Every structure is written in C-alpha cells, then in structure tokens.
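To start, the structure itself, in structure tokens.
2 protein chains.
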Amino acid sequence: MIKKTTYKDQVVEYIYKEILKGNLLPKSQIKESHLAEELNISRAPIREALRELISIGIVEYRPRVGNFVVELQPKDILDTYITRGVIEGFAASVSVFKDFEIDNLYNMCIEMESLAKENKNIELIDLGDRFHNIIVEKSNNNQIISFAKTLSIKSHLMFSKYWPKLYIPNQIKERHILIVDALKSKNPNEIEKSIRTHYEETGKKIAKLKEKGE
Amino acid sequence: MIKKTTYKDQVVEYIYKEILKGNLLPKSQIKESHLAEELNISRAPIREALRELISIGIVEYRPRVGNFVVELQPKDILDTYITRGVIEGFAASVSVFKDFEIDNLYNMCIEMESLAKENKNIELIDLGDRFHNIIVEKSNNNQIISFAKTLSIKSHLMFSKYWPKLYIPNQIKERHILIVDALKSKNPNEIEKSIRTHYEETGKKIAKLKEKGE
DNA sequence: TAATTGTCTACTGTCGACAATATACAAAAA
DNA sequence: TTTTTGTATATTGTCGACAGTAGACAATTA
Chain Y
261 MIKKTTYKDQ VVEYIYKEIL KGNLLPKSQI KESHLAEELN ISRAPIREAL
311 RELISIGIVE YRPRVGNFVV ELQPKDILDT YITRGVIEGF AASVSVFKDF
361 EIDNLYNMCI EMESLAKENK NIELIDLGDR FHNIIVEKSN NNQIISFAKT
411 LSIKSHLMFS KYWPKLYIPN QIKERHILIV DALKSKNPNE IEKSIRTHYE
461 ETGKKIAKLK EKGE
Chain W
261 MIKKTTYKDQ VVEYIYKEIL KGNLLPKSQI KESHLAEELN ISRAPIREAL
311 RELISIGIVE YRPRVGNFVV ELQPKDILDT YITRGVIEGF AASVSVFKDF
361 EIDNLYNMCI EMESLAKENK NIELIDLGDR FHNIIVEKSN NNQIISFAKT
411 LSIKSHLMFS KYWPKLYIPN QIKERHILIV DALKSKNPNE IEKSIRTHYE
461 ETGKKIAKLK EKGE
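Here it is as structure tokens:
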C-alpha cells in the first residue's frame, strides 16, 4: 500500500512529537517562519498543520499574535478525561459484544500487565489505545468515534509526562478488567459507569500530580 | 466593543451561510480559486476557512482533489444528534441550578411557543440555542462546552431544511418543559435521560424526513 | 466493441514576497 | 519617579505565481 502524504501531515506529526519530547514547551510560541526554515519548506504547510493542531486543542492561537503550545491546567486535564469517559462510556453502553470479543479484551488486559512489567512503554500505550479503540468503534457512531480520536490524541500529551508515576503493572491490568467485567454484565448503566470512573480516576490523578509538580 | 476580524473568519461565515441558503449543495465542490475571485481576495484565507469547516465536519476534504460540501446521510444526522444528547445530557446532570435559573429556563419554554406561533423562526432558533447553551455552560467543563458548540453548528445545518415540519408550537414548548421538569427533580440520571431522549427524538425525525425526501 | 494508454486541463500544494500589526522598548512628558 | 507617546522589529495576514497531480476524455490497440 503506497501512501501519499503532504507536507502538512508530516508537519503535524513533527510538531506533535516535538511537544511530546518536551522540545516545545507549554506557552512557548511556535513561529511559522522559524519552523519553515528548520524544515526547509515554506510557511504555507506549516500554517495548515498549526490549524489542525488548534482544532484538536493542542495549540492556542491568538490572531495577529501567534501560535502557542497550550498550557494545560489541572482543570483542563480533568475536563478532558471526564469528557473522554462520557464519550467512551456511551459508546460502550450501546455496543453489543460477542463473548469471544470480550475474551479478547480480557486477554489484552493480561498482556498489559506483562508489557508494563517489562517497561515496554510504547507497546503498552499502543495496546491501551487498541483496547479503548475497539470499544469506541463498536458503537458505530461516527461522531462519537471522531470525538474519541481527538480526545485520545490530547490525552497522550497529558499523561506522557506522568506515565510512570500513575499505576503499577497490576493496577493497570485490574483497572481494565473492571471494564471487561462491566461489559460481561451486559448492563448499559453499569458499563457506562465503569468507563466514566476509569477515566475520572486517571484524570484526577494526573491533575493532582500536575498541581504538585509546579 | 470593537472587533477585528480576519478574512478567514468572514469567509467561514460566508460559506456556512451559502450552504444554509442552499446555494452550495451537498457533494458540490468548493473551488478555492472560484471563491477567491468571487470575494476578490486571494486563496490563502479561503483555504484557512475551509480547514475550519473541515474540522467541524461540514466540509469534506480529499487530498489533491478538493473540498466538498458534505452529504449528510440519515445515519450521520442521527449520530450527531445522539452525540449531542450525550454531551449536553452529561453537562446537565453535573450542573447545579438555582431555583430562579430553572424558572428562567421555564419562561424560555413559554416564549418558544409564542415565537413559534408568530413564525419568528430566527428568534426561535436563537432562543433555543440560548436555552441549551445555558445548560452546557453550567457544566463548567471546557471540553464539553467546545464539543457542544461544534455539534450545535452542525445541527443547524441539518434541521434548517426540515425546520417547519418538525414540531408544532405547543410541542416545542412541551418538549423543552420536559427538560426543565427533569432539572427540577435534581436527579442526575433522570436529567441525563431526558436530554438524551430530547435529541434522539429529533435526530430520528430528521433522519426519517431526509430518507423520504430523496 | 472493450480495454488500455496517452494527453489535457482544472484544480490543489507549495512557494517567496510584501503588507499590516502586536509587542517591546526607548524617548518624552507629567 | 510614573505615565504617556513614539518607534523599531519580529511575526502573522495576505498575495499572486508556479509546480504537481487527479480525473476526464481522446487516441490507440486488441
């Protein structure tokens, strides 16, 4: 499969990763011409990329002033995680999972613990994404899926820094198994609640760490 | 209050209204250079405006091919309305309203009926927006507020065409009073459910009309 | 005829340049 | 000193031009 990408798409990736890596700090200005020079392209694709990041909520834009990496306040973090719980919770509550699909999700929980123990962070995060993605996609609601994707990108930015401090391997497994158990119950209210709690807990935790750390 | 706007913002408004008015039909291509010539500006601000409309989900973009007014399938309409119910429903369930605020919302319901009877559509839509906005804002969750805004813009596009066929004046009032009554109950589950139902009903209705109409 | 290949055209992708302006900082005034 | 006013500059906003390509349609081949 050959994939044709534009400069814009590559720049989106580039900026996103620079923020993740901590090379671009919150509140710092992303200057179009500097980036253009750095990447040896013109400002046009840079601007397009910035617009995309703005719509996700990663970059803040002040007309005629500039583009800035957003400073995520504890409150913003909590809001985002709570909303993610609302979106994904709803998705799960209207989804119908077959037994083997639930087993599959369960196995992913087990694998999470292993990966966490081996410190394979990248694989672990990827597995987590897949786990939650399966749930969201199952809703078959495109608006929900689209919002969930935005929130997932945004969350990454929030937890990456605090990742190691959040949960021990066993907790990671257990927390996700709670969701699987709820799915087994086939009770929409229970399912919805379990996922909301899942995200709210993490949101609170990160928000608290963020508060202390500054 | 003096407001300084860029071309981009004005173009967003322009395109949005052209779609609402039916001058730009679903599936039709929005050609940058044509619009640029029409408005006597360059392509740059046009592109920026299009990117914004894309992120809302009003315009569809195929790389290297063009920008097209989205063709909203009945399923998309239902998805959007259901999601709006989920978002606003959550907002309402975590909000705490004072008695006088609830009275205020109730009065708005009464006024809706009057406006509907007098066929003051623009004012009526505006009042509806304010009603739902009050609920969303009260949640004090910026992520929720931001999603709600997107969904509101998108919904307008969906119902504008079918507006007169949806509800009679008394129904408009009664449907919103159901929400107010739920708020009075102070029961989060009841509140959340009432708003979800509110939007799901309308979504289904519009989706059905859309199916028939084509 | 039907399938393939070649060509043309209109559109988007990207460019570099200039215009407009927010901000910082210096100069002037109180 | 403190406040106001002017000025410089770096950055965004907009422009027009050119490059590259998707899609349409004609020409070619079987």
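Listed in order, the protein sequences are those of chains Y and W.
Numbered by the working numbering, the letters in the first sequence go through residues 261 to 474 in order.
Numbered by the working numbering, the letters in the second sequence go through residues 261 to 474 in order.
Ideal Cβ placement from N, Cα and C applies to all residues, glycine included.
None of these values were measured; they are calculated from a predicted model.
Hey, how far is the Cα of Lys470/Y from the Cα of Glu460/Y? Taken atom to atom, the span from the alpha-carbon of Lys470/Y to that of Glu460/Y is near 15 Å.
Who are the neighbours of Val346/W on chain Y, taking C-beta pairs under 8 Å? Result: Val346, Ile347, Phe350 and Ile404.
For the beta strand (DSSP E) holding Phe328/W, just list the boundary residues, first then last. Phe328/W -> beta strand (DSSP E) spans Gly326 to Val329.
Please list, in chain order, the residues of the stretch 379-405 of chain W that have any C-beta partner in chain Y closer than 7 Å. Listed in sequence order: Asn401, Asn402, Gln403 and Ile404.
What residues from the stretch 290-323 of chain Y come within 9 Å of chain W, judged by C-beta to C-beta, listed N to C? Contact residues of the stretch 290-323 of chain Y toward chain W are Ala304, Arg307, Glu308, Arg311, Glu312, Ile314, Ser315, Ile316, Gly317 and Pro323 (C-beta to C-beta distance below 9 Å).
Rounded to whole angstroms, how far is the Cβ of Ile437/Y from the Cβ of Cys369/Y, which I believe are closer than 8 Å? Rounded, the Cβ-Cβ distance is 5 Å, consistent with contact.
When the Cα atoms are used, what is the spatial distance from Asp269/W to Glu378/Y? Asp269/W and Glu378/Y: Cα-Cα distance of roughly 50 Å.
For Leu285/W, count the other beta carbons within 10 Å of its own beta carbon; 16 or more makes it buried, fewer makes it exposed. Which is it? It counts as exposed.
List in chain order: all unbroken alpha helix (DSSP H) runs of 4+ residues lying wholly within the stretch 351-427 of chain W. The stretch 351-427 of chain W contains these whole alpha helix (DSSP H) runs: 359-377, 381-398, 402-419 and 423-426.
In or out: Ser302/Y buried (at least 16 other Cβ within 10 Å) or exposed? By the neighbour-count rule (16 or more Cβ atoms within 10 Å), Ser302/Y is not buried but exposed.
Just verifying my parser: in three-state terms, what is the DSSP assignment at Gln333/W? Three-state DSSP puts Gln333/W in coil, outside helix and strand.
Does the CB of Thr266/Y have a neighbour CB from chain W at under 8 Å? Chain W contact via Cβ: present.
Entirely enclosed beta strand (DSSP E) segments - the stretch 271-327 of chain W, minimum 3 residues: Counting only runs of 3 or more, we get 319-322.
Would you please verify whether the beta carbon of Thr462/Y is less than 8 Å from any beta carbon of chain W? No - not a single Cβ of chain W is within 8 Å of the one on Thr462/Y.
With C-beta atoms as the reference, is Met351/Y less than 8 Å away from Leu443/Y? Going by the sequence as given, residue 351/Y is Ala instead of Met. Taking 8 Å as the Cβ cut-off, Ala351/Y and Leu443/Y do not qualify as a contacting pair.
Which residues in the same chain have their Cβ closer than 7 Å to the Cβ of Ile455/Y, if we skip the five residues on either side of it in sequence? Here the set comprises Gly345, Glu348, Gly349, Ala352 and Ile439.
Closer than 8 Å, CB to CB, is Thr343/W near chain Y or not? Yes - at least one Cβ of chain Y is within 8 Å of the one on Thr343/W.
When the cut-off is 8 Å and only beta carbons count, does Asp441/W lie next to chain Y? Not closer than 8 Å to any Cβ of chain Y, the Cβ of Asp441/W fails to qualify, so no.
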